[in-house]
DNA sequence: TTTTGTGTTCCATTATCTGGAACTTGATTT
DNA sequence: AAATCAAGTTCCAGATAATGGAACACAAAA
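Residue numbers (our numbering), protein chains in the order written: chain A, 45 to 316; chain L, 45 to 316.
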């Protein structure tokens, strides 16, 4: 499992995957990633599967309650997905190790703290401790954001070796979310160099306007898990100076999580 | 789709499901529902699949990143499940309609408010607005609890017709979580009668000791969706009198959600 | 009535899954 | 060192389930 070159294949939408299961999951994802209920024809176009095949695939997904068919025949995500995810989230040992540390960091800063894990070229948020002052939507746990424009993402990338980093960059499309988003690998690589030296990364409103954060990478000894934590706040309340002042604490907490995880997670994979 | 008698088959652990996909999901669920990383042999015993078959099934699940294989060869849930669930949660229109109402109810009571949807004989929590005073673990979104011993569950059951209710009861195993948990269908049915008259249900420390709630069912016109909301609090802080005082508000908010959902969700299924 | 658009069903073909058995690999014991 | 055991992996002929083009129903629009 040292060379996942071949395993790290495509997950792009509409692409068929591993035999039958892959096709089914690709269809499921197509429905889940749309915003409304999807009619048969919509999915037919999006998935590229032949009619007969798609129809059977959908019936199976409905039978498994991964999808639900409404009375108007359109398809929506079913509840089973949520239940599966809840179980896998609440049984996640890495998250469990990190949680008290996240709380501590939250106490210290008063702002929202995130825990994210690198997956391909994306950061998946795995836990979150809300800002006291926030009134906004709850948990974005499970949300995936591009690594190149998020604090945790860039911090995580700074841990990668040459080959792995190149692979990520090859998959990255530099979409300009804001005026400050990196537009090319060149500037990103320069910043990653700096992050390696400093031990922490900033998000200077690169993913969302008016949102900043400081992040630090988490390395778990004896595991190929790459993760990170961040302290996030709105630009009007959190200055860059403030973030810099927090950086040392963020680094310290990240290290503490990594150390504890190395012990408690055993020598397995330390998996997400 | 009026008679889901045949569709409402087994989801029990270890049971194979629909052809290939069903088997794969059954194996996935077996791993997800265990607490630690599972070795091949563990899963072999739990799933009842033959060695060769199971091995291929697991490889496929790993290739799809629904599972991850650690260095010590054991299997854990992969991140893809979390991402899929996030997307399906954040795109859930019913939840979206309900959210502001939940907030309102939370403002009113100061205690935790839940939104749950009935699925088979269980309530799946779909949203939650935290108590101001809580310091406990965040979102149990996606958690499934038995219907017969939760406020929302009993409220939801009170909306069902004879046949449907009987089906649920047939699937229900009356486990005594606390001293107050219903121990048989008889007492439960009696209470459901009362809930039908009153329009709201209580959880008198039936699922968890020291935890009480008031709940009201949500019916969405033109949809077979059955759901409910509740206000929950610790027994030391929330008396039964207090809950009774809140009941009218809970009913009102439930009605408001149902009405708005009927309009905004269209005549489809009003999906989960 | 004809036409167009959707969703569903059929069924011969074939690819994929099936699963018992043989084969590694590594640790533990004799 | 050899033997034993346990855990995981691979193999392959046979059975099964997936495939997908085409025909079919049904409704709404022309």
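Backbone N, C-alpha and C fix where the C-beta goes; we use that ideal spot for every residue, glycine too.
Since we're looking at a predicted model, the values are computed, not measured.
List the residues of chain L that residue i touches, going by C-beta distances under 9 Å, in chain order.
| i | result |
| --- | --- |
| residue 104 of chain A | 61, 62, 63, 64, 65 and 66 |
Report yes or no: is there a C-beta of chain L within less than 8 Å of the C-beta of residue i?
| i | result |
| --- | --- |
| residue 178 of chain A | For residue 178 of chain A, the predicted model reports a pLDDT of 48, less than 50, meaning its position is unreliable; a value from the coordinates is still stated below. So, not an interface residue. |
| residue 76 of chain A | yes |
| residue 308 of chain A | no |
| residue 161 of chain A | yes |
| residue 69 of chain A | yes |
Starting from residue i, find everything on chain A with Cβ-Cβ shorter than 7 Å and list it in chain order.
| i | result |
| --- | --- |
| residue 168 of chain L | 123, 126 and 127 |
| residue 133 of chain L | 126 |
If you measure from the beta carbon of residue i to each beta carbon in chain A, is any gap under 8 Å?
| i | result |
| --- | --- |
| residue 90 of chain L | no |
| residue 140 of chain L | no |
| residue 250 of chain L | no |
| residue 304 of chain L | no |
| residue 325 of chain L | Summary: the structure shown does not reach residue 325 of chain L, with chain L confined to residues 45 through 316, and so no result is reported for it. |
| residue 298 of chain L | no |
Just the chain L side, please: which residues come within less than 8 Å of residue i by C-beta, in chain order?
| i | result |
| --- | --- |
| residue 130 of chain A | 129, 184, 185, 186, 187 and 188 |
| residue 108 of chain A | 61, 62, 65, 66 and 69 |
Would you mind working out which of the options sits nearest residue i, comparing C-alpha positions?
| i | options | result |
| --- | --- | --- |
| residue 82 of chain A | A:208, A:116 and A:67 | A:116 |
| residue 199 of chain L | L:302, L:123, L:74 and L:271 | L:271 |
| residue 120 of chain A | A:79, A:240 and A:167 | A:79 |
| residue 247 of chain A | A:124, A:104, A:159 and A:193 | A:193 |
| residue 216 of chain A | A:201, A:224 and A:258 | A:201 |
| residue 133 of chain A | L:128, L:197 and L:241 | L:128 |
| residue 108 of chain L | A:73, A:85, A:101 and A:113 | A:73 |
| residue 296 of chain L | L:211, L:103 and L:242 | L:242 |
| residue 267 of chain L | A:84, A:293, A:287 and A:113 | A:113 |
| residue 321 of chain A | A:143, A:123 and A:213 | Lying before the first or after the last residue shown, residue 321 of chain A is absent from chain A, which here runs from 45 to 316. |
| residue 190 of chain L | L:208, L:166 and L:91 | L:166 |
| residue 252 of chain A | A:173, A:172, A:286 and A:226 | A:226 |
| residue 124 of chain A | L:93, L:102, L:77 and L:85 | L:77 |
| residue 291 of chain A | A:103, A:152, A:95 and A:84 | A:152 |
| residue 233 of chain A | A:222, A:94 and A:210 | A:210 |
Considering only residues of the same chain and omitting the five flanking positions on each side of residue i, which have a CB-CB separation below 6 Å?
| i | result |
| --- | --- |
| residue 308 of chain A | 141 |
| residue 298 of chain A | 260, 262 and 273 |
| residue 224 of chain A | 248, 249 and 250 |
Going along chain A, which residues have a C-beta under 8 Å from residue i?
| i | result |
| --- | --- |
| residue 79 of chain L | 135 |
Ordered along the chain, which non-local residues of its own chain (more than five positions away) have a Cβ less than 8 Å from that of residue i?
| i | result |
| --- | --- |
| residue 97 of chain L | 67 |
| residue 255 of chain A | 247, 249, 276, 277, 278 and 279 |
| residue 64 of chain L | none |
| residue 264 of chain L | 138, 271, 302, 305, 306, 309 and 314 |
| residue 180 of chain A | In this prediction, residue 180 of chain A has a pLDDT of 43, which is less than 50 and means its spatial position is unreliable; nothing more can be read from the coordinates. |
| residue 149 of chain L | 157, 173, 273, 275, 293, 294 and 297 |
Can you give me the Cβ contacts of residue i inside the same chain, cut-off strictly under 7 Å, excluding the 5 residues immediately before and after it?
| i | result |
| --- | --- |
| residue 75 of chain A | 82, 87, 111, 119 and 121 |
| residue 316 of chain A | Note that residue 316 of chain A scores 40 on pLDDT, short of 50, meaning its location in the model is unreliable and no value can be drawn from it. |
| residue 91 of chain A | 58, 70, 71, 74 and 98 |
| residue 147 of chain A | 173 |
| residue 300 of chain A | 145 |
| residue 195 of chain L | 245, 246, 247, 257, 258, 259 and 274 |
Which residues in chain L have a C-beta closer than 7 Å to the C-beta of residue i? List them in chain order.
| i | result |
| --- | --- |
| residue 211 of chain A | Neighbours of residue 211 of chain A on chain L: none; closest Cβ ~16 Å, over 7 Å. |
Checklist line | Segments of 3+ residues assigned as beta strand (DSSP E) that fall wholly inside the stretch 138-209 of chain L | finding: 156-163, 166-173 and 188-190
Notebook entry, point to check: Can you list the beta strand (DSSP E) stretches of 3 or more residues lying completely in the stretch 214-279 of chain L, in chain order?
Noted result: 245-248, 255-263 and 270-278
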